[in-house]
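Asker:
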Amino acid sequence: QVQLVESGGGLVQPGGSLTLSCAASGRFSSINIMGWYRQAPGEERELVARISSGGRTNYADSVKGRFTITRDNAKNTVALQMDSLEPEDTAIYYCRLVTTTSNPDNYWGQGTQVAVSS
């Protein structure tokens, strides 16, 4: 059974920083993409950033230059450094792992709340 456990959410003032972490456990292909998605109240879940096991990254336009995604393949962890946070970044943030083999699997964490408010 694959589990993704997120940590690091919380309340921060506008302009502040937070770091989210996600640890994956269980058996899964080492060829995968790990990423962060977010869902604000009344909105659909959207991609924030993702990183492949080879290190290729993608970011949503709204977070480019402010957020940085990194991963440690040996530890099966992914982190999201969030700087210059804005109230619009308030959402539940979810970690996701997708294996990119011929029979792909898709896993989600439970989510962690990020609130940006003065």
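Counting in my numbering, the sequence shown tops out at residue 121, every number present. Virtual Cβ for every residue (Gly too), placed ideally from N, Cα, C.
Give me, in chain order, the residues of the same chain whose beta-carbon lies closer than 6 Å to that of GLN42; leave out the 5 immediate sequence neighbours on both sides.
Answerer: These residues qualify, in order along the chain: ARG48, ALA94 and ILE95.
Asker: Quick one: Cα of LEU100 to Cα of GLU46, how far?
Answerer: Each residue's Cα considered, the two are about 22 Å apart.
Asker: Which whole-angstrom value is the C-beta distance of THR22 and ALA77, which I expect to be below 8 Å?
Answerer: About 19 Å; that fails the 8 Å criterion.
Asker: Can you tell me whether ASP75 is helix, strand or coil according to DSSP?
Answerer: If DSSP states are grouped into helix, strand and coil, ASP75 belongs with the strands.
Asker: Roughly how many angstroms lie between the CA atoms of SER32 and ASN61, to the nearest whole one?
Answerer: Approximately 20 Å, taken between the alpha carbons.
Asker: Tell me the residue span of the beta strand (DSSP E) that contains GLU49.
Answerer: Unbroken beta strand (DSSP E) run through GLU49: 49-55.
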